[in-house]
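S.K.: Here it is, the structure, as structure tokens.
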Amino acid sequence: MAKVIAIVNQKGGVGKTTTTINLGACFARKGERVLLIDMDGQGNMSRGLGCKVKRSQYTIRHALVDILNGTDVDPMKGIVPAKFDPLYIMPANKQLSAFGSSLKSEPEAPYLLRAYVERLQWSFDHILIDCSPSLGVLTQNALVASHSVMIPVDPEFFGVEGVEQITSTMNDVQRKMNPELYLEGIVIVKRNNVSIAKRTNAENLRLRYGDKVYKTELPSSVKASEAHAHGMSLIKYMSWNHLARAYDALANEVLANEQQ
Ligand SMILES: Nc1ncnc2c1ncn2[C@@H]1O[C@H](COP(=O)(O)OP(=O)(O)OP(=O)(O)O)[C@@H](O)[C@H]1O
Ligand SMILES: [Mg+2]
1 MAKVIAIVNQ KGGVGKTTTT INLGACFARK GERVLLIDMD GQGNMSRGLG
51 CKVKRSQYTI RHALVDILNG TDVDPMKGIV PAKFDPLYIM PANKQLSAFG
101 SSLKSEPEAP YLLRAYVERL QWSFDHILID CSPSLGVLTQ NALVASHSVM
151 IPVDPEFFGV EGVEQITSTM NDVQRKMNPE LYLEGIVIVK RNNVSIAKRT
201 NAENLRLRYG DKVYKTELPS SVKASEAHAH GMSLIKYMSW NHLARAYDAL
251 ANEVLANEQQ
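Using this note's numbering, you'd call the opening residue of the sequence shown number 1 and step up by one each time.
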């Protein structure tokens, strides 16, 4: 049965998409069957894995509309292999954001992605959901559909309070819609080593969240955006790069936690 992890942070540009792609790619290299779902209308994850979404293409929005309308379709419809990495993606484009806004009045709105994911649970070992920088209805769908939540944090701009906003949304979803939901872990993304504020924030996060903060921290590398521009994971593009190796170590930590 697939383990489903949502990658969440309402702050933009903290490394959600890069983490989804690279964690997924590291899992896939270890023999796991991996599906990445793009729940962000920016479509960065799809593009970052070489998938240029055509206007007529069946995307996650179509799948959610089919669920909403009760249309019976093949659950694998629209899922495509990444161009270079041995994993699968359910792409998105900007129509997803408009769909999200139109959903607000539907009582079943928060449950659509969960219904979709349930139909795929025997086809994959890991399903990772890349979320948009918001805690709106699309991210709510991801929280309802997931077993757990991973939060990438850039402690330069985001400390304990920022993470608490996310965990409070998580607790809300847990209470009302997904009692099993738990915090998978917090991963510190170190984009700039020198700032004192950042060091304090990182230390405070470790004090507050203890072993929920991964030992592995993600260093800065210009190769992250280079790999993205080439439509492949960093581990595929340059497996010896220090950030690629950190992602591999993070994948090992996540898998080790799952064995416990
Ligand atoms: N460890 C890193 N070192 C250097 N650059 C990075 C690192 N991680 C991500 N980046 C780059 O930073 C930018 C933002 O990263 P990313 O798209 O993963 O963030 P995001 O949280 O998904 O953003 P958004 O909220 O807009 O979806 C990208 O250009 C990416 O290539
Ligand atoms: Mg993103």
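We put the beta carbon where it would ideally sit given N, CA and C, even for glycine.
What does the Cβ neighbour count give for residue 237, buried or exposed, with the cut at 16 atoms within 10 Å?
M.R.: Buried, because 16 or more other Cβ atoms sit within 10 Å of the Cβ of residue 237.
S.K.: Quick check on the DSSP output: the alpha helix (DSSP H) that includes residue 51 runs from which residue to which?
M.R.: Note, residue 51: premise wrong, no alpha helix (DSSP H); not H, not E.
S.K.: Pair every Cβ in the region 207-224 with every Cβ in the region 53-62, then say whether three or more of these pairs are closer than 8 Å.
M.R.: No, because fewer than three Cβ pairs between the region 207-224 and the region 53-62 fall closer than 8 Å, the two stretches do not touch.
S.K.: Could you tell me if the beta carbon of residue 274 falls within a distance shorter than 7 Å of some heavy atom in ligand 2?
M.R.: Summary: the structure shown does not reach residue 274, with the chain confined to residues 1 through 260, and so no result is reported for it.
S.K.: Which first and last residues belong to the beta strand (DSSP E) in which residue 185 is found?
M.R.: Taken as a continuous stretch (DSSP letters only), the beta strand (DSSP E) holding residue 185 covers 182-188.
S.K.: Could you compute how far the alpha carbon of residue 75 sits from the alpha carbon of residue 104?
M.R.: Roughly 24 Å between the two C-alpha positions.
S.K.: Do residue 92 and residue 46 have their C-beta atoms within less than 8 Å of each other?
M.R.: Yes; because the gap between Cβ atoms is below 8 Å, this pair is in contact.
S.K.: Out of 200, 145 and 97, point me to the one whose CA is closest to residue 112's CA.
M.R.: Cα-wise, what sits closest to residue 112 is 145.
S.K.: Going by alpha carbons, who is nearest to residue 158 out of 251, 199, 49 and 98?
M.R.: Comparing Cα positions, the closest option is 199.
S.K.: Going by Cα to Cα distance, which pick from 140, 116, 18 and 127 is closest to residue 70?
M.R.: Nearest of 140, 116, 18 and 127 to residue 70, Cα basis: 116.
S.K.: Near ligand 2, which residues have their beta-carbon less than 5 Å from any of its heavy atoms, given in chain order?
M.R.: The set, ordered by position in the chain, is 16, 17 and 44.
S.K.: Tell me whether residue 160 sits in a helix, a strand or coil according to DSSP, three-state version.
M.R.: Here residue 160 sits in helix by DSSP.
S.K.: Throw me the rounded Cβ distance for the residue 129 and residue 232 pair, which I believe falls under 8 Å.
M.R.: Actually they do not touch by this definition, with Cβ atoms about 20 Å apart.
S.K.: Among residues of its own chain, excluding the 5 on either side of residue 241, which ones have a beta-carbon nearer than 7 Å to its beta-carbon?
M.R.: Answer for residue 241: 221, 223 and 234, listed in chain order.
S.K.: Between which two residues does the beta strand (DSSP E) harbouring residue 262 extend?
M.R.: The requested residue 262 is not part of the displayed model; the chain covers only 1 to 260.
S.K.: With which residues is residue 66 paired in a DSSP beta bridge?
M.R.: According to DSSP, residue 66 bridges with nothing at all.
S.K.: Give the range of the beta strand (DSSP E) segment to which residue 242 is assigned.
M.R.: Note, residue 242: premise wrong, no beta strand (DSSP E); alpha helix (DSSP H) at 242-259.
S.K.: Would you be able to state if there are at least three C-beta pairs under 8 Å between the region 153-169 and the region 120-128?
M.R.: In short, these stretches do not touch, since the Cβ pair count stays below three.
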